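UniProt numbering applies: residue 1 is where the sequence shown begins, and numbers increase by one. Glycine included, C-beta positions come from ideal geometry on N, C-alpha and C. Every value quoted in this text rests on a predicted model; they were computed, and no experiment measured them. To start, the structure itself, in C-alpha cells.
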Amino acid sequence: MTEYDYDELGLVAGLEIHQQLDTATKLFCQCPTELREPEASTRTFSRYLHPTRSELGELDDAAVEESMVDREFEYLAYDTTCLVEEDDEPPHELDEEALETVLEIAQLMDMSPVDQAHVMRKIVVDGSNTTGFQRSSLIATGGAIETSAGAVGIEDLMLEEESAQRVEETDDGVRYSLDRLGIPLVEIGTSPDISTPEQALEAAERIGMLLRSTGKVKRGLGTIRQDVNVSIEEGARVEIKGVQSLDDIDDIVRNEVARQAELVEIAAELEEREASVGEVQDVTEVFEDTDSGVISGALNSGGAVTAVPLYGFDGIVGREIAPDRRLGTELSDHAKRHGAGGIFHTDELPAYGVTEDEVTDLRAAVGAGPEDAVAIVAADTEIAESAIEAAAERAETALEGVPEETRGANDDGTTRYLRPLPGAARMYPETDVPPVEPDPSEVPEPELLTEKVERYQDEYDLGEGLAEQVAYGEYMPLFEDVVADGINPTLAATTLESTLTEVRRDGAAVENLTRDHLEGVLRLVEDGDLPNEGVPDLLAALAEEPDRTAEEAAEDAGLGGAEEDEVREAVVEVVERNAGQVEEEGMQAFSGLMGECMGALRGKADGDLVSELLREEIQKRA
C-alpha cells in the first residue's frame, strides 16, 4: 500500500464507540438482557417499515433510500421478550441501572451530565427495530481522553437501545431476533481530533479500557462496535459503520484514506479527459444469444439488460482504489442496493461468458468509443432499470471526487457503500418516555483497570501477569465479588484465568458455565469440600450438564474431598504395584508415582496430602 503523509493530506477522523451495558434488564422494559438461540423462539410476526417525517415535515435521505427496497421483516420473539420489543406496548421509563452506569462512564472521561435527559427517536427503517426508529438520549457532553499524540475530545455520551439481531436473509426480506433489541447501549462520540490511523486505534483502546473499568459492560464478540468518521482535505466525510474488532480500526482508516486519495486522483484525471456520464439505455438485444450464465439467466426469466455509457472512463472503472476493490466495485455496491446482483463493465470484459463481439456490439449500441467504458446490469426489468440508474449516479459523483456517505466495514479492512449520510431530519422527540434528571452526586468514580492491576499485586499478592489477566479479563467483576466474599484471591484468579482456559482447550463448552457455577466451585474449594485438583473435572462436568449446581455435579462425579484413610489406601496400592521400582530408585521414583496416585484419586484429594503420604510410603520401602 502507498505510504501517505497524513498531515499533508489533512486527515481528520473521529470515533463513535457503541458498547452494550451488562444490566439486569433492558432499557425500556423489564425483560432480561440475555441472548437466545433462534430455535428457542416461541412465535414470529412480520412488519413492513416506511420512513416518517420529522417535526418540520422533512424526510431523511438515508431512510428514504433504505425504504426503496421493498422488504418484509420477520421477527423472532421469545419467552424472555415482551410487547415493548414488538412495539405493541409503550416503552417504560429509562432503566435506572443503565443510567447509573453511563454516569460512571461520564466521570471517567471528565464529562458534564446534562440537567435533563430527553429521549429522542432516530429513524431506522432497515428492520433492526420493530418501531422504525431507535430510542436515544443525550446524557453528558464535553469530555476528553489522552493519547500519545494529544488529547481527543469527547463530544457526547448517549444512552440508546440496542438493535435487533440479524439472523438471516429470507426470500422476502430479512429475519431478525428480538432477544438483543432493547439491551442498553452507550454511544461515545469523539471530536474530529484524530490525525493518524495509529491515534485512532490508541483512542479506541483507551475508551475500551475506560468502559471495562466499570465492570458493568458486556464482553465478547458483538458487544462492542466502533464506527469511524474519516475525511481528507480534498475528500469528504465518510462514516464507516460496524467495525467489530478494535484491532481493525487503524487498517480501516488507512484504507479509507487511500480510497479517498485515489478517488480524488480519478476525479482529476476524468476532468482532464472531459469525461461525462451518458443516458441509461436498454441493450437486451445485444445479448439475446449470449452464453453468459448471469445474463441469460436474467433474460430467460423475462428480465432485461440495461447499460450506461461512461464517456472518458476507459481503464478507470477497473482501477483499484482499495485492496481488491475498484471504482467498478463502488458502482456495483450502488446497484446492489437496488436489488441487482452487481454490474459488469467493459474494463473487465470480455469475461463471465461475454464475448469480444458482444462487447463490440455493446459499445456500438450505446455510442461508446475506445476511450469510453460501459456498465451493464442484467436482472428483472424493473430492478435492472433502477440499479443501472444508481450506478450511473455513482459514476456522476466520481467526476466530482469523494461522495459523503455511510459505508460498512468489511472483514478485510475495506469498506462498502451502505447509504447516504443521515441528516437532521432523522431525529424527533419521543413522547412516550418522560425526561429524567441525571444525578451524578451518588455515583462513585470507577477504579481504572491500570489501578486495579497495581492493587491486585499489592493487596492480593498476585503476580503482575496474573493481576493484569484478571483486571482486563471478562471475569473481573466476579473476581472482585468472590474475593470480597472470602474466597482466596490466588484461587479465584488462577481458576478464572488459567484453569478455565485449560478446560476450554480440552474441548469443554465453558460458555455454558454461569456465574453461579463458578462461585459454587470456588466456594467448595474454599470450604475444603473440593481439592484444587478436582476443579478442572468439576468445571468440565458442569459445562457438559449446566442444569446442575456445583454441589450436585461434585457429588455425582465423586469429586468431594476424600478422607485421609481413603487417600492413604490409594497411595499404598500404587506403591505396592510399583514395589520393584521403589526398591531400586527410592525417592527418585516419587515424580512418576505422584502422577499415578493423582490419577487414581481422580481429583478427590489435595495434592499436598497425596505428596505427604506418598513420601511416607516410599520411605518405608526404600
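With a cut-off of 8 Å on Cβ pairs, the region 334-344 is not in contact with the region 240-257, counting fewer than three such pairs.
Residue state for ILE183 is assigned as coil, using DSSP reduced to three classes. Just measuring C-alpha positions, the residue of SER177, GLU519, LYS241 sitting nearest ARG166 is SER177. If only complete runs of 4 or more residues are kept, the region 492-528 shows the alpha helix (DSSP H) at 500-505, 515-526, in order along the chain.
In this structure, LEU327 keeps its C-beta atom at 8 Å or more from the C-beta atom of ARG337. In the displayed model, PHE479 falls within a helix according to three-state DSSP. If you draw a straight line from the Cα of ASP5 to the Cα of VAL308, it is about 37 Å long. PRO370 places its beta carbon 8 Å or farther from that of VAL359. LEU539 sits away from ALA492, with the two beta carbons spaced by 8 Å or more. GLY297 and GLY303 have their C-alpha atoms some 9 Å from each other. Of the residues THR141, TYR75, SER137, the one whose Cα lies closest to the Cα of GLN107 is THR141. Contact between the region 93-102 and the region 394-412 is absent: fewer than three C-beta pairs spanning the two stretches fall below 8 Å. In this structure, the beta-carbon distance from VAL230 to GLU256 falls below 8 Å. Comparing C-alpha distances from GLU552 to each of VAL228, GLU569, ARG568, LEU524 shows the shortest one belongs to LEU524.
If you draw a 10 Å sphere on the C-beta of GLN199, you find 16 or more other C-beta atoms in it, and that means buried. Burial is judged here by how many other beta carbons sit within 10 angstroms of a residue's own beta carbon; LEU181 has at least 16 and is buried. The C-alpha of LEU99 lies about 12 Å from the C-alpha of ASP22. The beta carbon of VAL433 is closer than 6 Å to those of PRO91, VAL119 in its chain, skipping five residues each way along the sequence. As for any beta strand (DSSP E) of minimum length 3 sitting wholly inside the UniProt region "Disordered" (425-444), the runs are 427-429, ordered along the chain. In the three-state reduction of the DSSP assignment, PRO113 falls in the strand class, which pools E and B. Around GLU234, the same chain offers VAL264 as residues with beta carbons nearer than 6 Å, after the five sequence neighbours per side are excluded. By the neighbour-count criterion, in which a residue is buried when 16 or more other Cβ atoms sit within 10 angstroms of its Cβ, PRO444 is exposed.
Here the alpha carbon of GLY413 sits roughly 6 Å from the alpha carbon of ASP251. Residue burial is scored here from C-beta neighbours: PHE479 has at least 16 other C-beta atoms within 10 angstroms and is therefore classed as buried. The criterion of a C-beta distance shorter than 8 Å is not satisfied by PRO32 and THR101. Beta-bridge pairing by DSSP links GLN457 to no other residue. The residue among GLY222, GLN588, VAL567, GLU585 with its C-alpha nearest the C-alpha of PRO531 is VAL567. By the Cβ neighbour-count rule, ASN129 is buried, with 16 or more other Cβ atoms within 10 Å of its own. One Cα belongs to LYS620, the other to GLY520, and the distance between them is close to 40 Å.
With fewer than 16 other beta carbons inside 10 angstroms of its own, LEU221 counts as exposed. Taken through DSSP and simplified to helix, strand or coil, SER213 comes out as helix.
C-alpha of GLU155 to C-alpha of LEU103: approximately 15 Å in a straight line.
Annotation: the region 70-146 contains the following complete segments of the alpha helix (DSSP H) (minimum length 4 residues), in chain order: 96-108. Pairing GLU474 with ARG219 gives a Cβ-Cβ distance under 8 Å.
Leaving aside the five residues that flank SER136 on each side, the residues in its chain whose CB is nearer than 6 Å to its CB run, in chain order, MET120, LYS122, MET158, GLU160. Here DSSP, grouped into helix, strand and coil, assigns TYR352 to coil.
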